[in-house]
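Below: one structure, written as structure tokens.
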Amino acid sequence: MAIDIHWIRDNDSLGRFCAEWQQLPFVALDTEFMRVDTFYPIAGLLQIGDGKSAYLIDPLTIDDWKPLAALLENPAVLKVLHACSEDLEVLLRLTGSLPAPLFDTQLAAAYLNLGFSMGYSRLVQEVLGIELPKGETRSDWLQRPLSETQISYAAEDAVHLAEVFVQLRPKLSDEKYSWVLEDGAELVANLRREVDPYEVYREAKLAWKLSRAQLAVLRELCAWREREARARDLPRNRIIREHSLWPLARTQPDNLGALAKIEDMHPRTVRQDGEFLLDLIKRAGSVPPEQWPAAVPEPLPIEASALVKRLKALGQAEAERLGIAPELMLRKKTLEALIKSGFPEGPYQLPDSLRGWRRELMGQALLDSLATAGEQP
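For the sequence shown, the UniProt record's numbering gives the first residue as 1, with consecutive numbering after it.
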């Protein structure tokens, strides 16, 4: 079937079409972008589907994104995307706005128990019975003109995404529909939360093995790496490789020769930033004890794995009762944070990451299960 394709290549056309889309109950939205040598994604194409046609928006020829930002923020128009975390970054970078309300078809499929983390092609095959051609995901979306294959791939995406939504929506109960939107809103909220460069060290590999004095150095290294990646628009590993951070904080080299010998240290980093890094390490290494960060908690001991299993089983039973993919219910990180809050004797506290409907439905049951765990023979 031939797809009706409209190109939008200038500010006026975008404004005109956005005004029309403002009247619709929903729009399907997808993006193509490049992100090989940059920190931020570079938009190559935006696709919108209204259920009938595909609209291809060229971000290389448009510079006024206010009409699209207004559409994204209009609470009366549902924005439909699939597995959208990277698309959200593209939209935020381009328009300064994020879609609300947001309906992610990958999440909807999981709430209908079709599968968890389903790829787009598989979902289209499952719901519409259409086999999509092998993707153009690896192609160059910044080249002009785009190839015919790229254009038809992008247009089909927008049209089929709208069709998938039309099929999935009636199958969701009001409750599950509200959960899909709640999870969508959380994705948006997470992206809006600016990462504090001074907190990044807490997620660094093996940070828990470092003393508080060494953590002071790691904190500065991670914060500098985060800020520089953004400022230079380069991937973090092009600033300092991940695996170099821990040995840098642990051994604190004081000359370029020692710096160059650090595990996985790129010669380019030593050349470009070596002197600066030595100075940063020296300064961070001499801060007084009252300015050292708190110790990073150790991973859960092996004895706690039985508790993780126990809580996971609780979540799976509840997921089965609700007819949703079990992975949706309780994230492993959330369970570990819960157990860490009181292991081994308790009392336990629900972590902030257990929010919304999950907290209402599962919070008390999890605490009750932990309270009785110690009583088991």
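In this text, a Cβ means the ideal position worked out from N, Cα and C, and glycines have one as well.
Near residue i, what residues of its chain come up, given a Cβ to Cβ distance below 8 Å and the 5 sequence neighbours on each side ignored?
i: glutamine 316; result: Pro326, Met329
i: aspartate 37; result: Leu234, Pro235, Arg238
i: glutamine 214; result: Ala249, Arg250, Gln252
i: proline 289; result: Arg212, Ala213
i: leucine 191; result: Ser85, Leu88, Glu89, Leu92, Leu98
i: residue 378; result: Nothing in the structure corresponds to residue 378, since the chain is present only between 1 and 377.
i: arginine 331; result: Ser353
i: aspartate 64; result: Asn11, Leu14, Gly15
Shortest alpha-carbon distance to residue i belongs to which of the options?
i: glutamate 199; options: Leu191, Ala185, Ala189, Ala223; result: Ala223
i: lysine 66; options: Phe17, Glu320, Thr334, Val27; result: Phe17
i: leucine 94; options: Pro59, Pro101, Arg122; result: Pro59
i: phenylalanine 343; options: Leu354, Glu298, Ala249; result: Glu298
i: alanine 155; options: Val166, Asp87, Lys309, Tyr55; result: Tyr55
i: aspartate 352; options: Gly363, Glu345, Gly346; result: Gly363
i: aspartate 87; options: Leu354, Gly184, Leu335; result: Gly184
i: alanine 371; options: Leu338, Phe276, Leu172; result: Leu338
i: serine 85; options: Phe103, Ala76, Val77, Pro75; result: Phe103
i: glutamate 336; options: Ala304, Leu314, Lys134, Glu320; result: Ala304
i: tryptophan 357; options: Pro101, Pro99, Glu186, Pro75; result: Glu186
i: tyrosine 146; options: Asn11, Gln23, Gly44; result: The displayed chain sequence assigns leucine, not tyrosine, to residue 146. It is Gly44.
i: serine 173; options: Ala108, Arg232, Pro197; result: Ala108
i: proline 75; options: Leu92, Ala100, Gly51; result: Ala100
i: tyrosine 348; options: Ala313, Leu307, Arg331; result: Leu307
i: serine 369; options: Arg331, Leu314, Glu320, Asp157; result: Leu314
i: glutamate 345; options: Asp273, Ala373, Arg193, Asp279; result: Ala373
i: isoleucine 3; options: Lys209, Asp157, Asp64; result: Asp157
Quick check: what's the CA-CA separation for residue i versus residue j?
i: leucine 29; j: isoleucine 48; result: 5 Å
i: valine 188; j: glutamate 73; result: 12 Å
i: alanine 207; j: lysine 333; result: 17 Å
i: asparagine 113; j: lysine 176; result: 11 Å
i: glycine 129; j: lysine 79; result: 23 Å
i: isoleucine 324; j: leucine 181; result: 15 Å
i: proline 377; j: lysine 309; result: Reliability fails at proline 377, whose pLDDT of 41 lies under 50, so the model's placement of it is uncertain and the value that follows must be treated cautiously. Answer to the nearest angstrom: the Cα atoms are 17 Å apart.
i: tryptophan 141; j: valine 159; result: 19 Å
i: leucine 322; j: glutamine 125; result: 25 Å
i: alanine 204; j: tryptophan 246; result: 8 Å
i: phenylalanine 276; j: methionine 265; result: 15 Å
i: glutamate 148; j: glutamine 22; result: 30 Å
i: glycine 15; j: valine 77; result: 16 Å
i: arginine 9; j: leucine 123; result: 30 Å
i: glutamine 143; j: aspartate 279; result: 42 Å
i: leucine 161; j: proline 293; result: 47 Å
i: proline 25; j: glutamine 291; result: 53 Å
i: aspartate 273; j: arginine 193; result: 29 Å
i: leucine 210; j: glycine 119; result: 39 Å
i: arginine 359; j: lysine 134; result: 40 Å
i: alanine 319; j: glutamate 20; result: 40 Å
i: leucine 350; j: leucine 361; result: 13 Å
Taking C-beta to C-beta, are residue i and residue j nearer than 7 Å?
i: histidine 6; j: serine 53; result: yes
i: isoleucine 281; j: valine 217; result: yes
i: leucine 366; j: leucine 311; result: yes
i: leucine 221; j: leucine 248; result: yes
i: valine 90; j: proline 170; result: no
i: isoleucine 262; j: serine 286; result: no
i: arginine 230; j: phenylalanine 39; result: yes
i: leucine 46; j: isoleucine 57; result: yes
i: valine 27; j: aspartate 50; result: yes
i: isoleucine 240; j: threonine 269; result: yes
i: arginine 202; j: valine 296; result: yes
i: threonine 105; j: valine 164; result: yes
i: proline 197; j: glutamate 226; result: yes
i: leucine 132; j: serine 139; result: no
Could you pull out every residue in the same chain whose Cβ sits closer than 6 Å to the Cβ of residue i, ignoring the five residues on either side in sequence?
i: proline 253; result: Leu259
i: alanine 110; result: Phe116, Ala325, Leu328
i: glutamine 167; result: Val127
i: arginine 35; result: Pro41
i: serine 97; result: Ala69, Leu72, Glu73
i: arginine 232; result: none
i: alanine 284; result: Ala216, Val217, Glu220
Among the residues of its own chain, which have a CB less than 7 Å from the CB of residue i, if the five just before and after it don't count?
i: glutamate 32; result: Gly44, Leu45, Trp141, Ala154
Contact criterion: CB-CB distance below 7 Å. Does residue i meet it with respect to chain C?
i: arginine 271; result: The structure shown contains no chain C; it is built from a single protein chain.
Practice item. Could you pull out every unbroken beta strand (DSSP E) segment of at least 3 residues lying fully inside the stretch 96 to 130, listed in chain order? Key: Listed in chain order, the beta strand (DSSP E) runs fully inside the stretch 96 to 130 are 102 to 104, counting runs of at least 3 residues.
**Study point:** beta strand (DSSP E) segments (min. 3 residues) lying fully within the stretch 51 to 76
**Key:** Counting only runs of 3 or more, we get 54 to 57.
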